[in-house]
Amino acid sequence: VVGVDTGLSHVAAALDRPVIGLYGPTDPALTGVRGRRVQNLVANLDCAPCRRPTCTRTDRDRYAVEPPCFSRLPPELVWRTARLALNGI
Numbered sequence: 002v003v004g005v006d007t008g009l010s011h012v013a014a015a016l017d018r019p020v021i022g023l024y025g026p027t028d029p030a031l032t033g034v035r036g037r038r039v040q041n042l043v044a045n046l047d048c049a050p051c052r053r054p055t056c057t058r059t060d061r062d063r064y065a066v067e068p069p070c071f072s073r074l075p076p077e078l079v080w081r082t083a084r085l086a087l088n089g090i
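Counting from 1 along the sequence shown, just add 1 to a position and that's the residue number in the working numbering.
In structure tokens, the structure reads:
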């Protein structure tokens, strides 16, 4: 399961499914998915995780459809992590 910080990711981890949690402004240390088969990914930004509902990095980021902490989490990294998790089944 690839998901964000929602109940679905937590339920999947509780059922011992492979989970990749994607975290932008939320802090996986506080609300992250926990489990034996869990990988939590966070963007490599100095401000992440900021735990703010609106990005405050720049005015441009403030009005972005996707906050930079999500848009800078490379899909290739998510895919690579998912493949490794599935190979471990």
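Yeah, the Cβ is synthetic: ideal placement off N, Cα and C, and Gly gets one too.
Quantities reported herein were computed from a predicted structural model and do not represent experimental measurements.
*How long is the line joining the alpha carbons of residue 95 and residue 26, rounded to whole angstroms?*
Residue 95 lies beyond the residue range present for the chain, which begins at 2 and ends at 90; the question has no answer from this structure.
*Starting from the Cα of residue 3, find the closest Cα among 65, 36, 21, 12 and give me that residue.*
The shortest C-alpha to C-alpha distance from residue 3 to any of 65, 36, 21, 12 is the one to 21.
*Measure the CB-CB distance between residue 19 and residue 86 and report whether it falls below 7 angstroms.*
Yes, these two residues count as a Cβ contact at 7 angstroms.
_Taking only three categories from DSSP, how would you classify residue 4?_
Residue 4 falls in the strand class under three-state DSSP.
*Please report the residue range of the beta strand (DSSP E) in which residue 41 lies.*
It spans 39-43 - the beta strand (DSSP E) in which residue 41 sits, taken as one unbroken run.
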